[in-house]
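In what follows, a structure is listed as structure tokens, so that the remarks can point back to it.
In our numbering, the protein residues as written are 1 to 154.
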């Protein structure tokens, strides 16, 4: 029985024993380490600075990459919108052209011709063209005014 109690006492001694504060300060004190191992301390300072620099560089590069991706996405969205508007414009133009060609009376009156059937006319003089244009413009204007129906009332 005595051996058991002695064993418990020895175990208790090791478990309750704490490191002294002086030992802790002496082991982890940076000033003492710098005095004892100046090259190793300088190497640690350099490596710590390099790691902080790398972390800052990674953070900056991540920001730049994300910002450029945002700008590219924004530009691509504008490009898609422009392409869609261009496609819609072409579709509406083709629909209007087909509608006009179907409903145009002039196209039924035209006759296919050949180069031999063409008649070449001399260009008119500018003075004569201006006079005839003024006369025809006045006559057209008077015809339009006279062709309007008269509305009764106010």
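The C-beta atom is built at its ideal place from N, Cα and C for all residues, glycine as well. On a predicted model such as this, the values are computed, not experimentally measured, just so you know.
Counting along the chain, residue 97 sits inside the alpha helix (DSSP H) bounded by residues 38-103. In the structure shown, residue 118 falls within a coil segment according to DSSP collapsed to helix, strand and coil.
The straight-line gap separating the alpha-carbon atoms of residue 116 and residue 138 is approximately 37 Å.
Each residue's CA atom was taken as its position, placing residue 103 and residue 121 some 32 Å apart.
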